[in-house]
Amino acid sequence: MSMVRGLGYGMWDLGSGIWVQRSGANFGKLHTTHCFSRVTGHASRFKLYVTILILLAFLIPLLWTLLIPRDDGTLAAIQQRGTLRVGLDASFPPFETIDDSGQIVGLDVDMARALAADVGVEAEFVNIGFDGLYDALLARRVDIVISGLPYDPRWTQDVAYTRNYFNAGQVLVTRTGDEMITTVEDLHGRRVAVEWGSQADMEGRRLERDLSGLTILRQATAAEALETLLNDQADAAIVDAVSGVSAVPRGLRIAIYLTDEWYAAAVHIDSQALLEAVNQSLERLDASGHMAEMQAAWLHGKY
Amino acid sequence: MLQKPIKHVGVYADRLATTVGITPVALVWLLPLLFILLFLPAAMPPRAIELGPQRTTVTINPKMGVHTRLTDEVEPWKIKRTLEMVREMGAPWIVEYFPWAYREPFPGFFDWRHSDLVIDHANRQGLTVIARLGFVPEWARPTDSASSYLPPEHAADFGDYVRAFVDRYGDRVAAVIIWNEPNLALEWGFQPIDPEGYTRLLTVAYQNVQQSDHPGVKVLGGALAPTLAPPGSDQALNDLIYLQRMLYAGAGEVMDGLAAHAYGWSFPADDPPDPDVINFRRIELVHQLLVDNGHGDLPIYITEGGWNDHPRWTRAVKPAQRIDNTLRAYELAQGWPWAEMAALWAFRYPWPARTYLDYYTFVTPDFEPKPIYLEIQRYSRGELER
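Laid out in structure tokens, this is it:
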């Protein structure tokens, strides 16, 4: 017989559905009764009602919070205004930068325009220093931040992040067609080129500690590390993902992501309808191949 | 009326005791014990970490320093490890921030536990500490105002904090920096930028240190943010213009030295000084301004500066350039007789900033030395041929 202790002085017999009552006056003696048809005594019935009320008092707000999405009307305001105000720091090529004609351009810019078009408006770009992006969002100066923004769990009480759209972590790059290196362990006895002093260099030093016979070739820049690989002077290279993706048209491939640094857009935590619309749009961009096209246009062969 | 609930409590306690199988008397003892066991750990101070033996920094360049960032580092062992690693890198100076709001949360009530930890460990590692003071507690400013806003009527309270700090630590800190980058609206409570108002605050702080138990502790004018803000900007005032106005207002008489920030942005360390360029050697223009105003004897303490090696940020340089520039900056500072030391930003963050700021650090949050740390270490040991 398995029993679960109730809030009153008794317990539910899970096997039979019987309420085993221990009354105040006869504490220690057991009274059994069927829980759904007959409850012994007025006091027990009262306790049952109180228990149900207490549970409801907790459950209703909980369900309200969990199931009813909060929305502050930002999406409706965007559609009424006709513009999606996008916060970004245009000092971060190829995601956002200022071109020779003074225009803000980049992968994030193209993506923002596509997202805005999906909700029937135009994108309006607000150039803000990176440190001020979240404050601008919370102060409602912008509707969304799209700015090579890494997901940061410390902000999730105030902002909601969209789907990830780019992993900017460190990658292991090999020559296309080289199927000998598919895991980190395959680097035993190999030569790996890195940019001296970079995050890739740090990854290389970690691998050097773990793998015997690994030789790290330190180059002045990430581009030179990739050249070393292309010239067959190295078996692999570690670079940041932007450099790695950039090198794909030159006969290199990303074999392994060694670290993750996901970029996402961010909206105010209460802008749930906007969040949903942006996520749907990102999903569509992925599925249609448009996202891959934009990434290729901004990254391939440029870094 | 009150007897009924009390009687019920007794009945419930009796039933609870019977239910869990102990006597009511035992329950009377057990419940407070349980309460203590649950809540005592939270009320206890963090486990003390042994200071260890007295250490000395060994370096070929005694002007090398770093700005640590221990303000939000709560674990004593991490504070100790940070300072050990600074010493092991070969930097004998640190700059650290001691926010007024953290030390004096209520008027006249001081909590020195965290600053004691930092200064005790720094001194034991043989490091010379420069303390930056600022950050207004809520009780000294209007509700919802910025923590950098100090109403003039509370300037004396800040002066009291400066004096209390100097009274407590004396010559265990070499100098105190009064405020930070007051030429930015952000750092001046979003009020109109006011060099004369800042000079009045500096005067209050200076007088308080002179009247303290340790008048030998140096008072440094707050470092200005190097900026080319256009005239009339409500966000910032050009640092050279701001300093000139400070000196006109008498700042040269109420400081023992000047803190200064020297960021290189994307320029090499040797890029020549130019009033229209933000680069490392802009600091020479700051010194020249002191000379021109008859205060050439005031030493300059570089309390922030350096380069960033983020792979995409437009103001960053390549990691190899950052290493080269940093070593050159230390060499330049060593050769400037008017520069007391150079502390570069920033040794380590307690947690990842997840922005380009992470690329200013020398050590990761989990204490993994970056290549720049290892190269500086080699330089300080004289192992690099330059």
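Same order as they appear, the protein sequences are chains H and Z.
According to the numbering used here, the first sequence is numbered sequentially starting from 45.
According to the numbering used here, the second sequence is numbered sequentially starting from 2.
Positions of the beta carbon are idealized from the N, C-alpha and C atoms, including for glycine.
- Chain order gives the chain Z residues near H/Trp240 as Lys319, Pro320, Ala321, Ile324 and Pro372, where near means a beta carbon separation below 9 Å.
- For Z/Ile284, the secondary structure class from DSSP, reduced to helix, strand or coil, is helix.
- Note on the segment 184 to 216 of chain Z: there is no whole beta strand (DSSP E) run with a minimum of 3 residues.
- A residue is called buried when at least 16 other Cβ atoms come within 10 angstroms of its Cβ; H/Leu318 meets this threshold and is buried.
- Contiguous alpha helix (DSSP H) elements confined to the segment 311 to 386 of chain Z occur at 320 to 336 and 372 to 381, taking only those with 4 or more residues.
- Beta-carbon to beta-carbon, H/His232 and H/Leu258 are separated by about 7 Å, close enough to satisfy the 8 Å threshold.
- Counting the other Cβ atoms within 10 Å of the Cβ of H/Ser145 gives fewer than 16, which makes it exposed.
- Between H/Thr118 and H/Asp187, the C-beta spacing is below 8 Å.
- At a cut-off of 8 Å between beta carbons, Z/Arg316 contacts chain H.
- Taken through DSSP and simplified to helix, strand or coil, H/Val217 comes out as strand.
- For H/Thr118, the enclosing alpha helix (DSSP H) has its first and last residue at Thr118 to Arg125.
- Taking 4 residues as the shortest admissible run, the segment 225 to 255 of chain H contains the following complete alpha helix (DSSP H) segments, listed from N- to C-terminal end: 243 to 254.
- By alpha-carbon distance to Z/Ile279, the top candidate from Z/Ile301, Z/Trp308 and Z/Leu259 is Z/Trp308.
- Less than 8 Å divides the Cβ of Z/Arg70 from the Cβ of Z/Arg349.
- Secondary structure at Z/Phe136: coil, using DSSP grouped into helix, strand and coil.
- In this chain, the beta strand (DSSP E) harbouring Z/His262 covers Gly258 to Tyr264.
- Residues of the segment 336 to 358 of chain Z that bring their beta carbon within less than 7 Å of a beta carbon in chain H comprise Arg355, Thr356 and Tyr357, in sequence order.
- In the DSSP assignment, Z/Lys219 forms a beta bridge with Z/Ala176.
- Under the Cβ criterion (8 Å, minimum of three pairs), the segment 307 to 321 of chain Z does not count as touching the segment 223 to 242 of chain Z.
- For Z/Arg387, none of the residues of chain H pass the 7 Å Cβ criterion, the least Cβ distance being about 16 Å.
- Take H/Gly248, set aside five residues on each side of it, and the residues of its chain with a beta-carbon closer than 7 Å to its own are Val236, Val238, Ile260 and Ile282, in chain order.
- Beta-bridge pairing by DSSP links Z/Phe166 to no other residue.
- Using a Cβ distance threshold of 8 Å, H/Leu159 and H/Val322 count as a contacting pair.
- Residue state for Z/His296 is assigned as coil, using DSSP reduced to three classes.
- Shown here is that no member of the segment 230 to 253 of chain Z has a Cβ falling below 8 Å from a Cβ of chain H.
- Taking a cut-off of 8 Å on C-beta distances, the segment 162 to 177 of chain Z does not touch the segment 240 to 252 of chain Z, as fewer than three cross pairs fall below it.
- For H/Trp199, there is no enclosing beta strand (DSSP E), as DSSP gives it neither H nor E.
- The C-beta of H/Leu97 has fewer than 16 other C-beta atoms within 10 Å across all chains shown, which makes the residue exposed.
- A Cβ-Cβ separation of about 14 Å leaves Z/Ile120 out of contact with Z/Trp94 under the 8 Å criterion.
- Interface criterion not met: the Cβ of Z/Asp73 is under 8 Å from no Cβ in chain H.
- Around the CB of H/Asp179, fewer than 16 other CB atoms lie within 10 Å, so the residue is classed as exposed.
- Between Z/Ile178 and Z/Leu203, the C-beta gap is not smaller than 8 Å, which leaves the two residues out of contact.
- Residue range Leu151 to Asp162 is occupied by the alpha helix (DSSP H) that includes H/Val153.
- Residue state for H/Leu296 is assigned as strand, using DSSP reduced to three classes.
- For H/Ala269 and Z/Gly297, the gap between their C-alpha atoms comes out near 48 Å.
- Counting along the chain, H/Arg262 sits inside no alpha helix (DSSP H); it lies in the beta strand (DSSP E) bounded by residues Thr259 to Gln263.
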